[in-house]
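Read the structure below first, then the notes.
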Amino acid sequence: MGSRIEYSEKYTDSDFEYRHVILPKEMARNLPKSRCMTEAEWRGIGVQQSRGWVHYAIHRPEPHVLLFKRPLGCDGNTGLVNPEMRAIEKEKYQRSIQGKVADPTVN
343 MGSRIEYSEK YTDSDFEYRH VILPKEMARN LPKSRCMTEA EWRGIGVQQS RGWVHYAIHR
403 PEPHVLLFKR PLGCDGNTGL VNPEMRAIEK EKYQRSIQGK VADPTVN
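The letter at position 43 of the sequence shown is residue 385 when you use my numbering, and the numbering goes up by one with no holes.
Listed below in structure tokens is the structure:
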């Protein structure tokens, strides 16, 4: 196969970190059409990432783009959430959005 799997940078909200994985388009023909894949399935087609990621949505316009998420504070070695790390990551996210929200009192 001439194409290869591409991985996005991670992005977050207040509860999860996300990433998308772009498969070669020819691989999309063999993917389940009506459900998300299990970890064994996506690892079986060659997707490689640390533990804790869940395929959570199908992007119907581009079925070769897989959408993944995992809770903030997830340990990539165990796939388990570390409550202390979760609190740190949530605080980091809150600090990152401060100042980005428009002030409704400013015209």
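Built from N, CA and C at the ideal position, the CB exists for glycine as well.
Backbone secondary structure at residue i - three-state DSSP
i: isoleucine 347; result: coil
i: lysine 434; result: helix
Distance between residue j and residue i (C-alpha atoms, nearest Å)
i: leucine 422; j: alanine 399; result: 21 Å
i: glutamate 351; j: proline 405; result: 19 Å
i: lysine 432; j: glutamine 391; result: 22 Å
i: asparagine 372; j: serine 438; result: 39 Å
i: glycine 394; j: aspartate 355; result: 16 Å
i: lysine 434; j: threonine 380; result: 30 Å
i: cysteine 495; j: tyrosine 353; result: The displayed coordinates of the chain run from 343 to 449. Any statement about residue 495 would go beyond what the structure contains.
Neighbour-count burial assignment, residue i, 16 or more Cβ in a 10 Å radius
i: histidine 397; result: buried
i: glycine 388; result: exposed
i: glycine 344; result: With a pLDDT of 45 at glycine 344, under the threshold of 50, the modelled position of this residue cannot be trusted, and the question is left open.
i: glycine 386; result: exposed
i: glycine 418; result: exposed
i: lysine 411; result: buried
Among the options, nearest to residue i - alpha-carbon criterion
i: leucine 414; options: Ser438, Glu426, Glu381; result: Glu426
i: tyrosine 368; options: Glu383, Val407, Asn419; result: The displayed chain sequence assigns glutamate, not tyrosine, to residue 368. Checked all of Glu383, Val407, Asn419; the closest Cα to glutamate 368 is Val407.
i: arginine 402; options: Pro374, Asp355, Trp395; result: Pro374
i: isoleucine 364; options: Arg371, Tyr349, Arg377, Asp355; result: Tyr349
i: histidine 362; options: Asn372, Glu383, Arg371, Leu409; result: Leu409
i: alanine 527; options: Glu383, Trp384, Arg346, Asp357; result: Since the first and last residues shown for the chain are 343 and 449, residue 527 lies out of range.
i: proline 366; options: Gln436, Ile347, Thr420, Asn424; result: Ile347
Quiz item: Unbroken beta strand (DSSP E) runs of length 3 or more, entirely within the region 383-431: which are they?
Solution: Within the region 383-431, the complete beta strand (DSSP E) runs of at least 3 residues are 396-400, 407-413.
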